[in-house]
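**Q** This is the structure I have questions about; it appears just below.
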Amino acid sequence: MLRNNQAFPDDENGDVLWRMHQQGDNLTKAREIDFSVIFSNKEMALKFAVHLLCNNQKVSFSPYEEHETMPWQVQAHPILTPTHENIGHYEEWLAQSAAALGGCNDEWGCFAQQ
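Residue 3 in UniProt numbering is what sits at position 3 of the sequence shown, and the numbering runs on without skipping anything.
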């Protein structure tokens with residue numbers, strides 16, 4: 001199967017979406033996608049979580065032991081169709097929103113849809 005570089009550009013998100021597609025995931029189905037943003041400071045992470053809540057986003061908050069210098073994680077859980085454009089726009093919005101609080105995007109993931 002040839003990779004469609006328009007739907008699956010040659011970057012990290014494109015690679016993830018391409019693997020999902022190859023594994024049979026129906027990428028036309030919207031689903032909850034988990035986006036992680038990490039912080040060095042609990043207070044800033046909580047401020048970011050409140051910011052997301054004020055923007056009608058579903059969130060979760062937890063310690064993040066996998067990263068020594070950024071030990072706090074906020075996850076946003078929007079319902080999106082997993083396209084390169086949708087993932088990129090949401091990541092960009094998160095990054096811009098988190099930057100002033102010292103946060104940075106970490107990763108995203110979701111359950112496959114048949």
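For each residue, glycine too, the CB sits at the ideal point set by N, CA and C.
Measure the alpha-carbon distance for Pro-71 versus Leu-94 and round it to whole angstroms.
**A** To locate residue 71, count along the sequence shown from 1; it is residue 71. To locate residue 94, count along the sequence shown from 1; it is residue 94. Their Cα atoms are separated by approximately 18 Å.
**Q** Taking Cβ to Cβ, would you say Val-37 is nearer than 7 Å to Gly-103?
**A** Residue numbering aside, residue 37 sits at position 37 when the sequence shown is read from its first letter. Residue numbering aside, residue 103 sits at position 103 when the sequence shown is read from its first letter. Yes.
**Q** Under the three-state reduction of DSSP, which class applies to Leu-52: helix, strand or coil?
**A** Taking the sequence shown and counting its residues from 1, one reaches residue 52 at position 52. It is helical.
**Q** What distance in whole Å lies between the Cβ atoms of His-84 and Leu-2, which are believed to be in contact at a cut-off of 8 Å?
**A** Along the sequence shown, read from residue 1 onward, the residue named residue 2 stands at position 2. Along the sequence shown, read from residue 1 onward, the residue named residue 84 stands at position 84. No, Leu-2 and His-84 are not in contact; Cβ-Cβ is about 17 Å, not under 8 Å.
**Q** Any chance you could list the alpha helix (DSSP H) runs of at least 4 consecutive residues sitting entirely within the UniProt domain "Regulator of ribonuclease activity B" (11 to 110), in chain order?
**A** Correct list: 12 to 22, 42 to 54 and 84 to 99.
**Q** Compute the beta-carbon to beta-carbon distance between Gln-57 and Ala-45, rounded to the nearest angstrom, for a pair I have assumed lies under 8 Å.
**A** By one-based count along the sequence shown, residue 57 stands at place 57. By one-based count along the sequence shown, residue 45 stands at place 45. Between Ala-45 and Gln-57 the Cβ distance is about 14 Å, and since that is not below 8 Å, they are no contact.
**Q** Check each candidate in Ala-98, Gln-113 and Glu-107 and name the one with the smallest Cα separation from Leu-52.
**A** Numbered from 1 along the sequence shown, position 52 holds the residue referred to as residue 52. When only C-alpha atoms are compared, the closest one is Ala-98.
**Q** Using only alpha-carbon positions, find the residue among Leu-27, Asn-4, Val-59 and Asn-41 that is nearest to Ile-87.
**A** Counting from 1 along the sequence shown, the entry for residue 87 is found at position 87. Taking only the C-alpha atoms, the option nearest Ile-87 is Leu-27.
**Q** I need the straight-line Cα distance from Phe-61 to Ala-7, nearest angstrom please.
**A** As a first step, residue 61 is located in the sequence shown; it is residue number 61 there, counting from the start. As a first step, residue 7 is located in the sequence shown; it is residue number 7 there, counting from the start. C-alpha separation (whole angstroms): 32 Å.
**Q** Have a look at Asp-11, Asp-10 and Asp-25 and flag the residue whose alpha-carbon is nearest the alpha-carbon of Gln-114.
**A** By 1-based counting over the sequence shown, the position of residue 114 is 114. When each option's Cα is compared against that of Gln-114, the closest is Asp-25.
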